[in-house]
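Since the structure comes first, as structure tokens, the remarks are kept for the end.
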DNA sequence: GTGAAAGCGCTAACAT
DNA sequence: ATGTTAGCGCTTTCAC
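Dropping the structure here:
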């Protein structure tokens, strides 16, 4: 029906009775263009009338810029990425560029290389640790800008990090303030950068509080509710179980809560539980979880700015420090 | 360092000592190309050696195809979209096309129109009800294919729907089987198509079970945990409260559980609760939620196929019927 | 103040 | 079995 063949710059120019170069310059707000107001109006009217939209491919070909950036995440089901995406999308929209968010498919890393090398996307925001060193190297080889978010990636020098160590420390400090001394940690995956930093923060804060880290009180190896549940069972089975647990992420905390419940262990009466990342779910669990809020959306935003080359950091690591402890019902004073 | 200026078809042709058209046809596996194996090998070797990647913009300009499709969702934080995205991404990857997933920003609907009209994306998968009728009309006006997923959108004739009515009916039937007669419904937003269909299914199933729908037992107007909590409080405050509640979605169910807990009402002993969409969270709540599994990923996949024009449905509504009741701990026989 | 012309990198119809 | 050619629709330098 409305299949009127595509309108081009030439059509607009013809209708406005000017050259297409003039139309182009009007569209792009060329400063150096001197034009009579009435001519400009005629051009704008023609654009309106024909419902003209510049062809993205032609423009990209000419300018060698696609106005598109990529954001790679491991899994849309993990709510922390929703926040990062939100911030990145916002920054992209503000620059009138397009953000292409996708999950990393470990089977076909060459897809991402092709995207960069073909110019389809101009730069990449890396929020996934699911890429092989080989794939990273291939991406780097394209020469396009790459920024990692929420994690350190070997070979990628620009990164936006949260202060994961401080997040752990805030929780440990909160727990020691409540009188806890046997504070356990359900850690994330061994190969995860964030998990390692959270573990470091946990250990450091214990020492800072005059406590000695006990290896027996560190369990777990994953970011899922299954790993969290298993680690919790392990900890509760200890001869001398912890009175408080810092869980590395919310998913694992959900599992930990569930495991405690099944064992008849009450939270927080018998054991306090706290975790990192204040996603909405945390407030709705039973009991509502004490968490640490991290500036995830802001990190997404900063990552995009770094891609645009608009950040001040000029290639250095940026650690966002706006971490904040949110105390809810899952932590209480030691009995 | 590796900033060697971009490699073009011409460079490859020169190195392989053939014409660039030959290289192009080799790359695109042109059937009608007759070529000596050794020549083809020379071309492939040159491509390897120069690490050549075809320029996406030039190709798009020439073929008038971008190989990119858009998927519009209302919110990445809602886990049901993670499933839809997963299916859509998979279908896109299988066709070697790119999927651009983004959230609908009600403030700037013209962004999506531009994307379609500029040829940046070839078609749109609509999983959001956040677009105005006006915006939809503008999108339709581009003449590009549009398919809606998980909802009916006025003006969009191709759609992939779940059987929301049946989902409600499965729950109601489960509850009546357990002996419940006062079965309430915490409904979704009034302007939501899925919410309306779930309400219809609820009413129909009550009648089919010989029960008379009681308007007082329908509360709520939203898909958030806040609206769910408020509706639950309202229902529990009735002179004769329900013994079972069908909540329209998981988020509202989380709120409903939380409200019941705060009021000292036990689930399922005092009131049974069930909801629609079996996302992983449902199994990890306390108590684990009885839900209905819907083929969300499959719907995303089918939506993409419809965009590609590969579906059998040829423009008709498709209702997926693979809904399945998952009974967990939040429903039990009436006391 | 406006127009002419070249060319971005590719594909496809048509030579040879 | 391979080469020639003509654009796709746009931006930009330069000319008038």
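Residue numbers (the UniProt record's numbering), protein chains in the order written: chain A, 1 to 335; chain B, 1 to 335.
All residues carry an ideal CB built from backbone N, CA and C; glycine is no exception.
Give the range of the alpha helix (DSSP H) segment to which residue i is assigned.
i	result
residue 172 of chain A	164-177
residue 81 of chain B	79-94
residue 12 of chain A	9-16
residue 136 of chain B	133-141
residue 326 of chain A	Careful: residue 326 of chain A lies outside any alpha helix (DSSP H), inside the beta strand (DSSP E) at 324-326.
residue 255 of chain A	250-262
residue 48 of chain A	37-50
residue 286 of chain A	Per DSSP, residue 286 of chain A belongs to no alpha helix (DSSP H) and is neither H nor E.
Identify whether residue i lies in helix, strand or coil by the three-state DSSP scheme.
i	result
residue 57 of chain A	helix
residue 202 of chain A	helix
residue 225 of chain A	helix
residue 272 of chain B	strand
residue 112 of chain A	helix
residue 6 of chain A	coil
residue 318 of chain A	strand
residue 310 of chain B	coil
residue 336 of chain A	Any answer about residue 336 of chain A is impossible in this case: the structure gives chain A only from 1 up to 335.
residue 160 of chain B	strand
residue 303 of chain B	helix
residue 22 of chain B	helix
residue 1 of chain B	Interpretation of residue 1 of chain B is limited by its pLDDT of 37, a score under 50 that renders its predicted location unreliable; no figure is taken from the coordinates.
residue 195 of chain A	helix
residue 237 of chain B	coil
residue 64 of chain A	coil
residue 297 of chain B	helix
residue 117 of chain A	helix
residue 219 of chain A	strand
residue 280 of chain B	helix
residue 230 of chain B	helix
residue 266 of chain B	coil
Do residue j and residue i have their beta-carbon atoms positioned less than 8 angstroms apart in this structure?
i	j	result
residue 217 of chain B	residue 184 of chain B	yes
residue 168 of chain B	residue 129 of chain B	no
residue 202 of chain B	residue 172 of chain B	yes
residue 13 of chain B	residue 118 of chain A	no
residue 267 of chain B	residue 259 of chain B	no
residue 23 of chain A	residue 39 of chain A	no
residue 334 of chain B	residue 178 of chain B	yes
residue 299 of chain B	residue 123 of chain B	no
residue 165 of chain A	residue 204 of chain A	yes
residue 231 of chain B	residue 276 of chain B	no
residue 228 of chain A	residue 265 of chain A	no
residue 61 of chain B	residue 100 of chain B	no
residue 147 of chain A	residue 306 of chain A	yes
residue 188 of chain A	residue 222 of chain A	yes
residue 174 of chain A	residue 331 of chain A	yes
residue 234 of chain B	residue 182 of chain B	no
residue 337 of chain A	residue 7 of chain A	Outside the modelled stretch of chain A, which goes from 1 to 335, sits residue 337 of chain A, for which no answer is possible.
residue 109 of chain B	residue 133 of chain B	no
Between which two residues does the beta strand (DSSP E) containing residue i stretch?
i	result
residue 244 of chain B	244-247
residue 184 of chain A	183-186
residue 293 of chain A	290-293
residue 103 of chain A	98-103
residue 68 of chain B	68-73
residue 124 of chain B	123-126
Less than 7 angstroms separating the Cβ of residue i from some heavy atom of the ligand SAH?
i	result
residue 84 of chain A	Judged by which ligands are present, the structure shown has none, so any question about the ligand SAH falls away.
Sufficient close CB pairs (3 or more, under 8 angstroms) joining the region 243-252 of chain A to the region 266-284 of chain A: yes
Interfacial residues, the region 80-97 of chain B to chain A, with Cβ spacing under 8 angstroms: 81, 82, 83, 85, 86, 89 and 93
Residues of the region 258-269 of chain A whose Cβ lies closer than 7 angstroms to any Cβ of chain B, in chain order: 258 and 261
Members of the region 58-73 of chain A that neighbour chain B once the beta carbon cut-off is set at 7 angstroms: 58, 60, 61 and 66
Near-chain B residues of the UniProt domain "HTH lacI-type" (7-63) of chain A - C-beta to any C-beta below 7 angstroms: 53, 54, 55, 56, 57, 58, 60 and 61
Touching by the beta-carbon criterion (3+ pairs, under 8 angstroms), the region 153-163 of chain A and the region 80-97 of chain A: no
Inter-stretch contact at 8 angstroms, needing at least 3 Cβ pairs: the region 122-137 of chain B / the region 52-70 of chain A: no
Touching by the beta-carbon criterion (3+ pairs, under 8 angstroms), the region 36-47 of chain A and the region 109-116 of chain A: no
Given 8 angstroms, three or more beta-carbon pairs between the region 283-291 of chain B and the region 68-87 of chain B: no
Three-pair Cβ contact test at 8 angstroms for the region 316-326 of chain B versus the region 159-167 of chain B: yes
Near-chain A residues of the region 181-197 of chain B (beta-carbon distance less than 8 angstroms), N- to C-terminal order: none
Positions along the region 97-110 of chain B whose CB lies within less than 8 angstroms of some CB in chain A: 98, 99, 100, 101, 102, 103, 105 and 108
Against chain B: residues of the region 208-233 of chain A by CB proximity under 8 angstroms: 225
Against chain A: residues of the region 237-257 of chain B by CB proximity under 8 angstroms: 254, 255 and 257
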